[in-house]
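Per numbering that gives the first Met the number 0, residue 0 is the first one in the sequence shown, and the count goes up by one each step.
By construction, the Cβ of each residue, glycine as well, lies at the ideal position given by its N, Cα and C atoms.
It should be emphasised that the depicted structure is a prediction, and the values quoted were computed from it without experimental measurement.
Heads up, the thing below is written out as structure tokens.
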Amino acid sequence: MAEYKLEVTTGDMTNAGTSDYIFVTLIGAEGESERTELDNYGIDFTAGKVRTYTVKSKASLGKLLLVKVEKDPLFFLLDDEWFCRKIVVTTPEKEVILFPCNRWVSKGELVELRGGKAMKVFEEEHPLLIEHRKKELTLATCLYRWAINVPGLPHMNNFLTNSMLPDEIRFSWSKTLEVDYTTVASFAEFTFKGMTGSTEDWENIEDIKKVFLSHTTPTAEYVTEHWKEDEFYGYQFLNGSNPNVIQRCLKLPSNFPVTEEMVKPFLQKGSSLKKEMEKGNIFLSDYKRMDGLPTRVQNGEPLPLTAGLGLFYMNPENKLMPIAIQLYQQPSEQNPIFLPSDSESDWMLAKLFLKNADAILHEAIYHLMNTHYLAEGFTVATVRSFPAIHPLYKLLIPHFRYTLQVITDGRPKLIGAKGALSKCSLGTEGLNEIMRRALSGMTYSSLCLPEDIAARGLESVPNFYYRDDGLKLWSIINSFVKAMVEHYYPSDSEVRKDSELQAWINEIYIHSFLANKNSGIPTSFQTVEELIKFITMVIFRVTAKHASVNNGQYDYSWIPSCPLMTRKAPPKTKGQSSMKTLFETMPNVGETAIFLAMALLLTYKYTDVVPMGSYPVERFDEPAPKKIIKEFQEKLSQLSEAIEKRNSKLALPYIYLDPALMENSTAI
Ligand code: FE2
């Protein structure tokens, strides 16, 4: 008689337990056990509990291949689903094998778990496992399919609403509750304050401040105190929510005729624009991508939109100062170049219009498309291409937690006809068009932080915390991925012959990048090195990059300096504006409520989070990957300490890339 010890773990989420009958059958290379009920004294399967059982067979089953799990209801009750986290089997030969499950089991459903070492397709030898692998992928490709939402944009998943998503990938009960609560609570709060639907203009800054700081953060407080200062304005282009546009300027664009005389008063005494450009101290934020876009029609008129250009100077005190702003691409008398020496309201308005373009690009391209849409594509390709036993499935899937629900829920709520983001200057049509433009020009290298920083000439810019923390994170993720990939792919030939891996990258190339050759996205992998780089990009993008563009949304949604829409076109001549013009230009009270509610929802501190580098669900069974994960976690924790130490000396700490404050996936 051979005895197998089974340690069965039920998931810890609400309702994970069941009072139904659970049966298992162990399938080995040399036979299979009887179908055995798992039944101890008392309740067997309660949320978060681990229970131990014995399964007997006449003789050893040989190499253990599969654990078959079945559930039968109590005869008079309805199906009571069970979330099985994992089963750990100790064989008579004292081998301990992990069988990850991580799924709901329903009545009559046949669930067969693979256990042990991660395996690539060409390593499979046993016909039963070859067949099992094929069956798993056939089911996955039927369940998860690609769909086209808007032609010219990355393809999306096939689930139209959250209720259609498989239970395994949906929000926990607590996260659902908190998301619903935040939505309802902010609506109730703004309604109570008389803001919802109000078409009134703001009348003074203090009123805006009262509303904004009712959900205060240290950064939000700093913003309300310093928003008028040029020094803080420049800071935001490096360390705000959108550090993605600014670049070093070695030559002025021909359509931005800034003269020496214009900017001389703002440069170091005795210097010139030409000299400062040569020294690498001049920077440009150019929003030409937005030129000519259709805008939302409000009260019968299209809203104004300015595709501006902003010139910045890194002064000897290492402060990035705006020194010239032109609001439209074509220079003309009606399109003056605004300067810090203009009237306070003219300069404030120029800065506001430039930030309006920046805020829209931030949300549409750098947040929605470059993180959420790409994360969605990476997730769909992964679940369709890799079975759960594949090492890259085990490595990647924790980084896609909640990603499909966030985008399935967020797409209509953000950019649908009534979406909050669609209330920006562009509206749904314009948002889709700007994303289409961005996708057609997107390159692989722009998605890799070290290359992006180098291409924009920002390697030596002082006080650039986004770059400093981001490059360290990139390097830590890269070492982690390198160790994992080299463990499972000791040579290039292993990469080349992994047909599942090749199918994965091909799906991403076709469905996320629309088979655009110019993007430089690989269509296949030939070397271990290529694979390491791509996986590093994927994990960095869905964790760090998303955190950098997501987590500061409320902090920087201060309407008088960073509005998502403007109601009035900028002045065509200088000296005609006043503070009243600013209030007439920025969103009105009701529009402010919509944007603030959106930012609150997307930055709320939810309790159900998995921090960066945490893997609460056990998937790897071998010592090597477990050790690699531990080293990764240690490096992340050291970086977090260093960032905290640096931040303690800063008037405004940069917190968005602190691993301890970042999630392990694009989860909101
Ligand atoms: Fe997000």
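About 6 Å separates the beta carbons of V527 and V484, which is inside the 8 Å limit, making them a contact pair. C141 sits exposed, since fewer than 16 C-beta atoms from the chains shown fall within 10 Å of its C-beta. In the DSSP annotation of this structure, the continuous segment of the beta strand (DSSP E) that includes I324 starts and ends at 319 to 325. K85 sits close to P99, with the two beta carbons spaced by under 8 Å. Spanning the alpha carbons of T13 and N663 requires a straight line of approximately 22 Å. K318 and E230 do touch by the CB rule: their CB atoms are close to 5 Å apart, below 8 Å.
Between A184 and D554, the C-beta spacing is not below 8 Å. Between the ligand FE2 and the CB of L563, the shortest heavy atom gap is not smaller than 7 Å. Taken from the Cβ of T45, every heavy atom of the ligand FE2 lies 7 Å or farther away. Between G309 and L251, the C-beta spacing is not below 8 Å.
Counting the other Cβ atoms within 10 Å of the Cβ of P622 gives fewer than 16, which makes it exposed. Proximity to E506 across W557, A380, S577, G193 peaks at A380, based on C-alpha coordinates. Between the alpha carbons of Q525 and F533 lies a distance of about 12 Å. As a beta-bridge residue in DSSP terms, P301 pairs with V296. Nearest to N39 by alpha-carbon distance, out of S32, T51, E31, A28, is T51.
Here the distance from the Cβ of H486 to the nearest heavy atom of the ligand FE2 is not below 7 Å. By the Cβ neighbour-count rule, K625 is exposed, with fewer than 16 other Cβ atoms within 10 Å of its own. Here the alpha carbon of M276 sits roughly 11 Å from the alpha carbon of L266. DSSP places E362 in the helix class (H, G or I) of the three-state scheme.
Distance from the C-beta of T181 to the nearest heavy atom of the ligand FE2 is not below 7 Å. Taking the Cβ of L581 as the reference point, every heavy atom of the ligand FE2 lies at 7 Å or farther away.
Cβ atoms of A356 and T305 come within 8 Å of each other, at about 6 Å. Every alpha helix (DSSP H) of 4 residues or more that sits fully in the segment 564 to 630 is shown, in chain order, as 578 to 584, 588 to 602. Annotation for H545 indicates a beta carbon within 7 Å of some heavy atom of the ligand FE2. Looking from the CA of S384, the closest CA among K93, K106, W145, V87 belongs to W145. Only exposed fits D71, as fewer than 16 other CB atoms lie within 10 angstroms of its CB.
Closest in alpha carbon position to G589, among P126, F189, T35, is F189. DSSP, read as helix, strand or coil, puts C141 in helix. Taking the Cβ of T407 as the reference point, every heavy atom of the ligand FE2 lies at 7 Å or farther away. Distance check between C447 and each of G519, L152, P217 places G519 closest, using alpha-carbon atoms only. Three or more Cβ pairs closer than 8 Å define a contact, and the segment 564 to 583 falls short of that threshold against the segment 157 to 170. Per DSSP, reduced to three states, the secondary structure at P449 is helical. By the C-beta density criterion, N298 is exposed, having fewer than 16 other C-beta atoms within 10 angstroms. The Cβ atoms of L430 and S421 sit closer than 8 Å to each other.
DSSP, read as helix, strand or coil, puts P99 in strand. The secondary-structure analysis by DSSP pairs T24 across a beta bridge with K67.
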